[in-house]
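Read the sequence shown against this note's numbering and you will find it ends at 246, with the numbers running on by one and no gaps.
The beta carbon of each residue, even a glycine, is placed where N, CA and C say it ideally should be.
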Amino acid sequence: MKSPSSGTPPVWLAVLGILGALSLLAAYLVACHVATVQRSPWAPYLYFLPLLGMLFSAVAGRRGVLAAGGLTVVVLLGLVALLPRWQGDLNLLYVLQHVGTNLAFCGVFGHTLAAGHEPLVTRFARIMRRGDMPPEVLAFTRGVTLAWALFFAGIALVSAFLYAAVSIEAWSVFSNLVNSPLIGLMFVVEYAVRRHKLRHLRHSSILDSVQAFRQGWPVAEATPTSHEPR
Numbered sequence: 017m018k019s020p021s022s023g024t025p026p027v028w029l030a031v032l033g034i035l036g037a038l039s040l041l042a043a044y045l046v047a048c049h050v051a052t053v054q055r056s057p058w059a060p061y062l063y064f065l066p067l068l069g070m071l072f073s074a075v076a077g078r079r080g081v082l083a084a085g086g087l088t089v090v091v092l093l094g095l096v097a098l099l100p101r102w103q104g105d106l107n108l109l110y111v112l113q114h115v116g117t118n119l120a121f122c123g124v125f126g127h128t129l130a131a132g133h134e135p136l137v138t139r140f141a142r143i144m145r146r147g148d149m150p151p152e153v154l155a156f157t158r159g160v161t162l163a164w165a166l167f168f169a170g171i172a173l174v175s176a177f178l179y180a181a182v183s184i185e186a187w188s189v190f191s192n193l194v195n196s197p198l199i200g201l202m203f204v205v206e207y208a209v210r211r212h213k214l215r216h217l218r219h220s221s222i223l224d225s226v227q228a229f230r231q232g233w234p235v236a237e238a239t240p241t242s243h244e245p246r
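This is the structure:
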């Protein structure tokens with residue numbers, strides 16, 4: 017029987033949580049796509065929901081829930097007041113949000129590849145492996161960090177191209193219905209390559225990976241990396 021003091025949720029509860037989160041994400045993305053292609057007046061607010069959530073999370077961690085909630089409400093009221101008066105192409109706002117978000121993720125991963133920083137995926141691995149980091153793991157996780165940075169940069173480029181050169185409908189299909197499955201595919205490919213290249217080492221469970229993601233995000237702190245292969 018699992019010790020109640022372990023702090024680790026039962027597997028079934030964690031799986032249900034993940035499935036619930038994925039279901040909500042899928043429903044949200046489908047709603048965004050339908051609202052976009054039907055030119056719904058609610059579309060702008062749907063697209064700004066993730067940004068409001070990130071704003072709340074960032075401020076809550078530093079200033080507390082009340083300050084975060086107050087600032088989020090102020091920003092939301094500002095959007096309600098300003099968006100109906102927007103005279104430009106509302107679709108451009110959606111595209112800028114999507115491109116900007118992916119470039120931000122690219123920057124988060126890419127930034128940690130600079131000298132004096134620990135690559136973000138290396139940090140995740142260090143948490144999962146409890147500090148046991150053979151040289152081949154250091155090299156592999158650095159490469160995975162680079163792969164994620166390039167992935168998000170590529171998503172941003174495709175997003176901008178579809179909006180500028182094809183149509184908003186094509187852009188919406190890609191950004192709302194294809195983008196997230198591509199991220200899932202990246203995880204699957206990374207896992208398969210890791211199991212092949214590092215098959216002589218132990219591998220963590222999915223729940224361990226989620227725990228490491230929560231502890232290691234958003235940015236890998238600058239740490240001495242003299243032991244890391246160049």
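Check: For V115 versus S188, is the C-beta spacing smaller than 8 Å?; Outcome: no
Check: Within 10 angstroms of its Cβ, does A36 collect 16 or more other Cβ (buried), or is it exposed?; Outcome: Sequence inspection shows Gly at residue 36; the Ala mentioned does not correspond to that position. By the neighbour-count rule (16 or more Cβ atoms within 10 Å), G36 is not buried but exposed.
Check: Mind checking which residues open and close the alpha helix (DSSP H) that includes Q54?; Outcome: Careful: Q54 lies outside any alpha helix (DSSP H) and carries neither H nor E.
Check: Reducing DSSP to helix, strand and coil, say where S183 ends up.; Outcome: coil
Check: Indicate the three-state DSSP secondary structure (helix, strand or coil) for E134 in the structure shown.; Outcome: coil
Check: With P150 and L217 assumed to form a contact (beta carbons below 8 Å), what rounded beta-carbon distance in angstroms separates them?; Outcome: 7 Å
Check: Assuming A44 contacts V111 under a Cβ cut-off of 8 Å, what Cβ separation, rounded to an integer in Å, is found between them?; Outcome: This sequence places Tyr at residue 44; Ala is not what is there. About 18 Å separates the two Cβ atoms, so there is no contact after all.
Check: Looking at the ligand HEM, does it come within less than 7 Å of V209, judged from the CB to the closest heavy atom?; Outcome: As for the ligand HEM, it is missing from this structure, which has no ligand bound.
Check: Nearest CA to the CA of L201: which residue from R215, V182, W164?; Outcome: W164
Check: Does the pairing of the region 120-128 with the region 155-169 give three or more beta-carbon distances under 8 Å?; Outcome: yes
Check: Verify whether the separation of the beta carbon atoms of V137 and V160 is less than 8 Å.; Outcome: yes
Check: In the structure shown, what three-state DSSP assignment does P100 receive?; Outcome: helix
Check: Looking only at its chain, what residues have a beta carbon closer than 8 Å to the beta carbon of V46, apart from the 5 residues adjacent to it on each side?; Outcome: N192, L193
Check: Compare the C-alpha of P60 against each of A97, L41, P197 and name the closest.; Outcome: A97
Check: Run through DSSP, which three-state label would H243 get?; Outcome: At H243, the pLDDT of 44 sits below 50, so the modelled position is not reliable and the matter cannot be decided from this model.
Check: Looking at L71 and I87, is the spacing between their C-beta atoms short of 8 Å?; Outcome: For clarity, residue 87 is Leu in the given sequence; the question names Ile instead. In contact: L87 and L71 (Cβ atoms closer than 8 Å).
Check: Judging by CA-CA distance, which residue of A155, V75, P135, L106 is the nearest neighbour of R55?; Outcome: L106
Check: Which two residues bound the contiguous alpha helix (DSSP H) that contains N192?; Outcome: From DSSP, N192 is part of no alpha helix (DSSP H); its letter is neither H nor E.
Check: Please return the same chain residues whose Cβ sits closer than 8 Å to the Cβ of K213, not counting the five positions on each side in sequence.; Outcome: E152, F156
Check: Could you round the C-beta distance between R101 and P135 to whole angstroms and report it? I think they count as a contact, below 8 Å.; Outcome: Actually they are not in contact, since the Cβ atoms of R101 and P135 sit about 44 Å apart, beyond 8 Å.
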